[in-house]
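Numbering-wise (this note's numbering), the sequence shown opens with residue 232 and increments by one. Contents: one structure, followed by commentary.
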Amino acid sequence: MRRDPSRLTTSEFDLLIVGAGIYGATVAWDATQRGLTVALIERGDFGSGTSFNNAKTVHGGVRSLQRGHIDEMREYLRERRALSHILPHLVHPLPFLLPTSAKPTRHKLALGAYFLLNDLLSRDRNALPDPSKHLPSSRIVSREETLRLAPWIDPHGVTGAIEWHDAQFSNSSRAELAFIRTAVRHGLEAANHVQAVGLIRQDDGAVAGVMAQSTQPEAPAFPIRARAVMLATGGWTADLLRAWGAAASGRRVPQWSVAMNLVLEGLGGSHAVGGNARGRLFFLAPWRGATIAGTSHDPWTGTADQLVPRREFVDQLLGDVNAAFPRASIDASDIRLVHRGLLPATEASARRVTLLRDGPFIDHAEDGCPRLFSLVGVRYTTARHSAERAVDAITRWLDTPVAPCATATTRLDGGEIDRFDTFLADAVRQATPAVPATLIERLVFSYGTRWTDVIAMAQRAEDDALLRPLGIGRVGEASLPTGTAVTGAEILYAVREEMAVTLADALLRRTEAGTRGHPGAAAVDAAAQLMADELGWSEARRAKEVQALARVYEAATTPGN
């Protein structure tokens with residue numbers, strides 16, 4: 232997957248997608264898989280916007296059932312099952328625990344009956360060929376076991392808990408990348424760090440593409456021509472439409488909510504645990520040695536470009552988490568990273584936030600822009616299905632014969648694995664002193680079948696140091712601790728094979744180096760030097776990249792008021 236924006240100008244595409252979060256990525260794969268010629272551009276990096284803010288949970292619709300939305304619950308169930316099949320190296324079972332009490336709504340009998348109904352309605356949840364992805368039925372847990380599994384909750388009034396299983400991404404950024412990489416193998420032309428700066432219109436006003444500009448490095452604007460253009464730009468959509476002369480579409484996305492999660496120092500434990508604060512349900516979920524706390528929702532009236540993790544939002548979420556889990560005693564110093572993003576809502580106030588149930592797909596012909604469409608995403612888990620429906624609509628408009636959608640069953644890049652636990656065990660057995668089992672296991676959970684490609688990157692360079700953690704092994708620094716197990720080989724692979732252009736691209740989205748907090752100065756410097764050597768950065772550019780990465784963690788390190 233090589234970045235070459237010049238290829239975007241060589242022909243007219245059937246579809247151009249602007250925005251490469253999870254919704255843009257899934258539409259790109261769906262449309263490409265059906266036989267359309269497709270281009271995908273993203274002004275930042277793939278998945279660097281709202282999609283970076285997610286709690287890593289792949290939902291099965293438990294809360295949809297609570298609201299009586301059976302159809303929505305079944306959609307979640309199907310999509311969780313599909314993701315487990317097409318991305319077996321990235322989607323894994325995770326047990327959840329919800330404490331019970333004497334309150335009617337939290338009583339063991341009431342919750343037990345509720346989850347029994349959930350089990351019945353999801354009886355096909357394990358219609359997967361890989362038994363390592365099967366999820367057990369819910370069960371009632373004793374008080375003693377509950378307090379052992381969830382020592383952070385207030386034990387007062389706890390009578391036990393309900394345990395059920397959902398799934399969790401080991402690396403959600405690589406899930407988005409897998410959709411894009413697979414589409415590129417099938418003909419997609421994709422480029423990150425390319426922004427759309429204006430529409431191309433025909434004499435009759437119909438949209439015929441966009442004028443675009445590469446931002447890494449900055450370059451003159453160039454045309455990308457397409458029969459249809461779709462915006463998958465989330466909270467930036469309305470601003471783009473206004474800038475391009477289309478009518479505002481606030482009636483379809485009435486309000487916006489800023490969703491936020493905190494990545495904390497790892498608390499340990501095997502279960503995601505639920506707790507209440509201010510009438511809202513929060514979770515502490517273990518994730519690859521860290522803990523994810525969230526999710527908060529607050530009204531947002533500014534623009535998407537103005538979105539930063541406001542300290543008052545961070546402090547409020549931290550207070551809510553401590554109220555929900557008083558024995559966790561989480562301090563601001565435990566925050567390693569703050570995730571935030573904008574989600575469309577029907578209601579967003581200080582008292583209540585109600586997210587849209589479906590991501591609206593909009594034909595902007597009625598806004599004065601024929602051949603321009605937009606898809607505003609709501610749920611990460613159901614993005615693939617939303618993309619399928621969007622491509623259904625676009626192909627009807629294009630009136631082009633296409634193949635049927637097969638994205639729910641077609642394995643994605645790295646996911647060609649019949650049984651994950653067996654695949655992992657076979658991979659680990661290939662360990663050597665230079666390639667230890669711990670490295671292989673970690674690579675499998677991010678790259679799947681592609682883990683050997685990363686190892687080969689170092690072997691071709693004949694440099695064993697590339698298989699050691701970043702910041703380890705440099706002259707005079709062999710004893711320095713490192714904040715990440717990510718290796719130099721992974722950084723080179725990100726640059727040479729996966730369009731990593733900036734340091735943040737490599738450390739936050741191609742690898743997991745910075746996803747659980749700042750990886751440490753030694754690791755950052757080592758990665759920056761590798762990229763500088765590979766991409767020809769000046770010392771000034773190298774320093775700028777290090778500073779830009781540091782800003783990602785500012786909300787986690789800035790003291791509260």
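Glycine residues also receive a C-beta, built at the ideal position from the N, C-alpha and C atoms.
Through-space distance from residue j to residue i, alpha-carbon basis
i	j	result
P319	R379	30 angstroms
F513	P335	20 angstroms
L698	G275	29 angstroms
L674	W768	28 angstroms
T281	P517	21 angstroms
G506	E647	38 angstroms
F592	P667	47 angstroms
T182	A392	Any question about residue 182 goes unanswered here, given that the chain covers just 232 to 792.
R602	E303	30 angstroms
R772	T742	21 angstroms
A753	L761	12 angstroms
V494	D434	51 angstroms
M491	G525	7 angstroms
A621	L606	7 angstroms
V609	L574	6 angstroms
I371	F400	26 angstroms
T640	R311	12 angstroms
D695	T577	54 angstroms
E770	V489	37 angstroms
P324	R305	18 angstroms
E420	K775	29 angstroms
P712	G702	At P712 the pLDDT is 40, less than 50, meaning the model places this residue with poor confidence; the figure from the coordinates comes in the next sentence. One C-alpha to the other measures close to 8 angstroms.
H387	F346	24 angstroms
A344	V545	36 angstroms
E375	T653	34 angstroms
Bridge partners - residue i, DSSP secondary structure assignment
i	result
A521	E496 and W518
V584	A579
V442	As written in the sequence, residue 442 is Met, which differs from the Val given in the question. The partner list for M442 (beta bridge, DSSP) reads G429 and P454.
R571	M491
R511	A508
L549	According to DSSP, L549 bridges with nothing at all.
H528	A490
R412	Answer by DSSP bridge pairing: none, since R412 is not bridged.
N423	E273
L247	A270 and V460
I393	L329 and I371
Q399	T288 and H323
Chain-order list of residues whose beta-carbon lies under 6 angstroms from that of residue i (same chain, five-residue window excluded)
i	result
L314	V289 and V322
S403	N285 and K287
L723	M688
V706	Because the pLDDT at V706 is just 33, under 50, the model does not fix this residue reliably, and the point stays unresolved.
I253	S282, E407, Y611 and A614
L644	Residue identity check: residue 644 is Asp in the sequence provided, not Leu. Within the same chain, D644 has close Cβ partners A409, R412 and T413.
A521	V494, G497 and R747
G266	V633 and A634
Buried versus exposed call for residue i [16 or more other C-beta atoms within 10 Å across all chains shown]
i	result
R356	buried
P326	buried
T663	exposed
D261	buried
G418	exposed
Q537	exposed
S617	buried
E394	buried
T733	buried
H528	buried
P540	buried
S279	buried
L340	exposed
A805	Any question about residue 805 goes unanswered here, given that the chain covers just 232 to 792.
I248	buried
T257	buried
Q778	exposed
Chain-order list of residues whose beta-carbon lies under 7 angstroms from that of residue i (same chain, five-residue window excluded)
i	result
I671	A658, V659, Q661, A662 and W682
S373	G391
8 angstroms CB neighbourhood of residue i in its chain, flanking five on each side removed
i	result
A443	P236, L239, I272, V425, Q426, A427, V428, A452, F453, P454 and I455
S501	P326, L380 and P517
Contact between the stretch 556-563 and the stretch 373-387: three or more CB pairs below 8 angstroms?
yes
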